[in-house]
Amino acid sequence: MKRSSLGMRAERHNQKCARGLNELEGHLLAQAEVTEALNCAEAFAAQLTWLTTAQREEVVRLYTTHRLQISRAALQRVTDRARELQCHYSSRYHALQVRLLGLFLSTLAVFVVVLVILAR
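For the sequence shown, position 99 matches number 101 in the numbering used here, and the numbering has no gaps at all.
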């Protein structure tokens, strides 16, 4: 009894760690995207040499905001598609399980009938 309780606790701990690592990875990826967007915005604004400092800052802000909106939209599309595929394949997997169970029960029934006939 203690062993299974310890095993369940260890499993919960592992799941928490995995969830924490996934969140950390997501945060780091988001920060990298913000940094990349800002770098691209600054490179773009640097090409516009006639801008005043305030105009340059506004261009950087607008470019960064736009780039991050595009990134969020793309990520949302990927997430939505992943969920669609997960639902699709989960339902396909469930249907396959039902078919295999039906096949197993049919085979078992035939086997029992054969045994009954041979036993007579």
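Note that CB positions come from ideal geometry on N, CA and C, so glycine has one too.
Suppose you measure from the CA of Leu40 to the CA of Ala48; what does that come to, to the nearest Å? Taking the first residue of the sequence shown as position 1, residue 40 is located at position 38. Taking the first residue of the sequence shown as position 1, residue 48 is located at position 46. Their Cα atoms are separated by approximately 12 Å.
What is the DSSP secondary structure of Arg122, reduced to helix, strand or coil? Within the sequence shown, residue 122 is the residue found at index 120, counting from 1. Arg122 falls in the coil class under three-state DSSP.
What runs of the alpha helix (DSSP H), each 4 residues or longer, lie entirely inside the region 20-73? none
For Val118 and Asn24, I'd like the C-alpha separation in whole angstroms. Taking the sequence shown and counting its residues from 1, the one referred to as residue 118 is at position 116. Taking the sequence shown and counting its residues from 1, the one referred to as residue 24 is at position 22. Cα to Cα, the separation comes out at about 57 Å.
Do you know how far the Cα of Ala56 is from the Cα of Ala20? As a first step, residue 20 is located in the sequence shown; it is residue number 18 there, counting from the start. As a first step, residue 56 is located in the sequence shown; it is residue number 54 there, counting from the start. Roughly 44 Å separates the two Cα atoms.
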